[in-house]
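The numbering of the sequence shown is my numbering, which starts it at 11 and goes up by one. Don't be surprised by glycine CBs; every beta carbon is placed ideally from N, CA and C.
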Amino acid sequence: MTTKASRPKNLPCREIAVCLATLAIISLWPLAARAQLNIITTTTTYESLATELGGSHVQVRSLMGGPQNIHNIVATPSKMVALRNADLFIHTGLDLELWVTQLLRGSRNKNVQPRQPGNINAAQGIRLLNVPQNLSRSQGDMHIFGNPHYQLDPINLILIGRTIRDTFKRADPANAADYDQQYNNFETKMKKKIAEWLKTMRPHKGAKIVVYHDVLPYFAARFGLDVIGFVEPKPGISPTARHTAELIELMRSADCRVIMVNTWANRATAQSIASQVGATLVTLPEWVGGVSGAEDCIGHIEYLVNNLASALDGGGGQ
């Protein structure tokens with residue numbers, strides 16, 4: 011004998027409403043995830059800034075690691091695929107990241123191409139230093155628009171932050187108030203730290219230092235340092251015996267006691283020079299995350315200031 015399947019009892023209207031609301035929320039989860047701005051950056055410094063200013067409204071990925079030499083990054087297919095799905099692309103501009111041209115072409119993402127809304131050139135509004143008057147390949151890896159390492163001046167980090175905030179607000183106007191608030195919090199913290207850093211470096215105004223690769227003009231100008239020479243004879247050119255001998259003599263005559271060494275550089279060469287003149291080596295991370303303890307923009311500048319000040323005071327470097 012066949013029995014009919016029992017029918018469920020009628021649900022109260024209130025329970026039906028709750029079920030429908032729950033289903034509606036669940037159905038919106040993927041939409042909420044997609045609502046985040048997908049941001050690709052060339053460097054960890056821009057990644058850090060975008061993450062701080064965007065908060066929960068963004069997901070951010072850098073195409074390079076903090077210790078890497080940005081000149082040596084390659085536009086691989088995996089990077090092109092990452093950029094293909096990006097809403098925004100943040101880069102240094104100028105001619106630092108020559109691999110970006112190939113990367114953009116390979117991404118086939120129309121929105122992030124040059125002069126498109128999703129392409130954020132971080133150099134907007136920055137006063138560039140060391141703009142060459144004469145262009146010649148004999149000068150090594152010359153940057154024809156000026157030195158592109160403007161991110162090492164903390165004031166410029168505030169300006170870059172404004173550029174990023176304004177782009178976020180245009181791309182996602184519904185969350186404009188949040189972007190304003192997060193930027194204001196960042197600017198307040200940064201200005202407080204800048205005052206502290208200037209105080210820390212004030213006793214060392216005019217101090218003479220040597221740098222491995224020419225990345226420090228903005229930092230040096232902000233804190234009143236005198237960069238008297240470079241371990242590289244010309245940007246991107248490996249040290250020669252003749253140049254090294256001349257640099258040692260220059261450091262002795264100037265009583266220069268500090269060499270700042272990029273994370274990717276040949277530290278053995280710098281150490282050899284330092285041992286002959288009694289100088290201290292200080293590690294120079296160009297980007298956020300270049301060393302432990304430099305995990306965001308403030309921590310990065312704090313690392314540079316504290317370690318350089320310690321070395322100039324006669325303490326050990328790192």
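Close beta carbons around residue i, own chain, < 7 Å, minus the five adjacent residues each side
i    : result
N132 : A small correction: the amino acid at residue 132 is Ala; Asn does not occupy that position in the sequence shown. Closer than 7 Å at the Cβ level, and outside the excluded window around A132, lie Y56, I100, H101, T102, G103, I170 and T173.
A321 : V268, T290, V292 and G327
I50  : R71, L73, A92, L93, A96 and F99
Local Cβ density within 10 Å of residue i, reported as buried at 16 or more and exposed below that
i    : result
T273 : buried
D163 : buried
T53  : buried
Q78  : buried
L108 : exposed
N119 : buried
K202 : exposed
K89  : buried
V220 : buried
G300 : buried
D323 : exposed
Residue i and residue j closer than 8 Å at C-beta
i    : j    : result
I283 : I269 : yes
V271 : L257 : no
G239 : K215 : no
G75  : D97  : no
Q192 : G309 : no
G135 : A85  : no
R212 : I165 : no
R71  : A45  : no
A275 : Y222 : yes
V287 : R262 : yes
H67  : D182 : yes
L47  : F196 : no
T210 : A319 : yes
S58  : D306 : yes
Beta-carbon proximity list for residue i, same chain, < 8 Å, skipping 5 on both sides
i    : result
P124 : L114
I36  : Any reading at I36 must be qualified, since the residue scores a pLDDT of 35, below 50, and its modelled position is unreliable; no value is offered.
Q126 : K120
P87  : G116
Residue i - partner residues in DSSP beta bridges
i    : result
F178 : For F178, which the question treats as bridged, DSSP gives no partner whatsoever.
L291 : I269
H159 : Looking at the DSSP assignment, H159 forms no beta bridge with any residue, so it has no partner.
Proximal residues to residue i (C-beta, below 6 Å), its chain only, five neighbours per side dropped
i    : result
R175 : L63, Y189 and Y193
Q161 : T55
A217 : L235 and L322
V122 : A96, F99, G128 and N129
CB contact below 8 Å: residue i versus chain D
i    : result
I258 : Looking for chain D here will not work: only one protein chain is present.
- Contact between the region 290-301 and the region 310-318 (3+ Cβ pairs under 8 Å): yes
- Query: Is it true that the region 225-232 meets the region 156-167, where meeting means three or more beta-carbon pairs spaced less than 8 Å apart?
  - Reply: yes
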